[in-house]
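Notes for the one structure printed next.
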DNA sequence: GGAGTGACCTTCT
DNA sequence: GAGAAGGCCACTC
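Residue numbers (the UniProt record's numbering): 1 to 110.
Have a look at this one:
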């Protein structure tokens, strides 16, 4: 469990868990916070292993607020259901008040 | 050891 | 202003 041993994936899981209730963040925001803004794709790839973990992947969406990773969940509207359950308005797999629920780790955690 | 993949983002036309 | 294309890094086979 040493930071040095922890790969980039573990770091992504850490930030994903830090996302407060009723808030959502983007892959690029996490990647940028980790110092790999150009590796935004890696963040999404890391979520591939989030299944089975306590990582709220449903709180992580793309830059447009679109639930792109929704397909990776067990169900189809599960991700949307979880977001709506937290008070986030989601329509057609897309967050409406994204600017209101957006959570930037680089600024919040700093 | 090399090549391919991926739940993206940035930039140019 | 909108649309389209490319690139980038980390992990897996």
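For every residue, glycine included, the Cβ atom is placed at its ideal position computed from N, Cα and C. Note that this is a predicted model, so its numbers are computed, not measured.
If you compare the alpha carbons of 61, 87 and 107 with that of residue 26, the shortest gap goes to 61.
DSSP lists 66 and 91 as the bridge partner or partners of residue 94. The beta carbon of residue 21 sits closer than 7 Å to the beta carbons of 86 from its chain, once the five residues preceding and following it are set aside; these are given in chain order. With respect to the 8 Å criterion, residue 30 and residue 65 are not classified as neighbours on the basis of their beta carbons. It is roughly 20 Å from the alpha-carbon of residue 56 to the alpha-carbon of residue 39. Between residue 105 and residue 33, the beta carbon gap of about 4 Å places them in contact (Cβ cut-off 8 Å). Taking C-beta atoms as the reference points, residue 12 and residue 43 count as a pair closer than 8 Å.
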